[in-house]
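Enquirer:
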Amino acid sequence: MGRVDGRVVTVNWGSATPVVYVWMPDGTLHGTWDGGLALEKLTPG
1 MGRVDGRVVT
11 VNWGSATPVV
21 YVWMPDGTLH
31 GTWDGGLALE
41 KLTPG
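Residue numbers (UniProt numbering): 1 to 45.
1) Where do the ends of the beta strand (DSSP E) carrying G31 lie?
2) Quick check on the DSSP output: the beta strand (DSSP E) that includes G5 runs from which residue to which?
3) When DSSP builds the beta bridges, which residues end up paired with L37?
4) Could you give the DSSP three-state label for W13: helix, strand or coil?
5) Roughly how many angstroms separate the alpha carbons of A38 and Y21, rounded to a whole number?
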């Protein structure tokens, strides 16, 4: 289940905390997992 609010995308996979992505001006998504314990950067192809 996911939600978009402006540049913020929140995805709830059923974990204790959701995955939160911020859509950056260059098109990348910067994500925070597990309450900030893991980071992810998604780059468009």
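Backbone N, C-alpha and C define an ideal beta-carbon position, used for all residues, glycine too.
Expert: Here's the rundown:
1) Here residue 31 refers to the residue found at position 31 of the sequence shown. Where G31 is concerned, the enclosing beta strand (DSSP E) stretches over L29 to W33.
2) To locate residue 5, count along the sequence shown from 1; it is residue 5. It is worth fixing the name first, because residue 5 is Asp in this sequence and not Gly. Per DSSP, the continuous beta strand (DSSP E) segment holding D5 begins and ends at G2 to D5.
3) For the purposes of this step, residue 37 is taken as the residue at position 37 of the sequence shown. Per DSSP, L37 has no beta-bridge partner at all.
4) Along the sequence shown, one-based indexing puts residue 13 at 13. DSSP places W13 in coil when its eight states are reduced to three.
5) The residue you call residue 38 lines up with position 38 of the sequence shown. The residue you call residue 21 lines up with position 21 of the sequence shown. Answer to the nearest angstrom: the Cα atoms are 12 Å apart.
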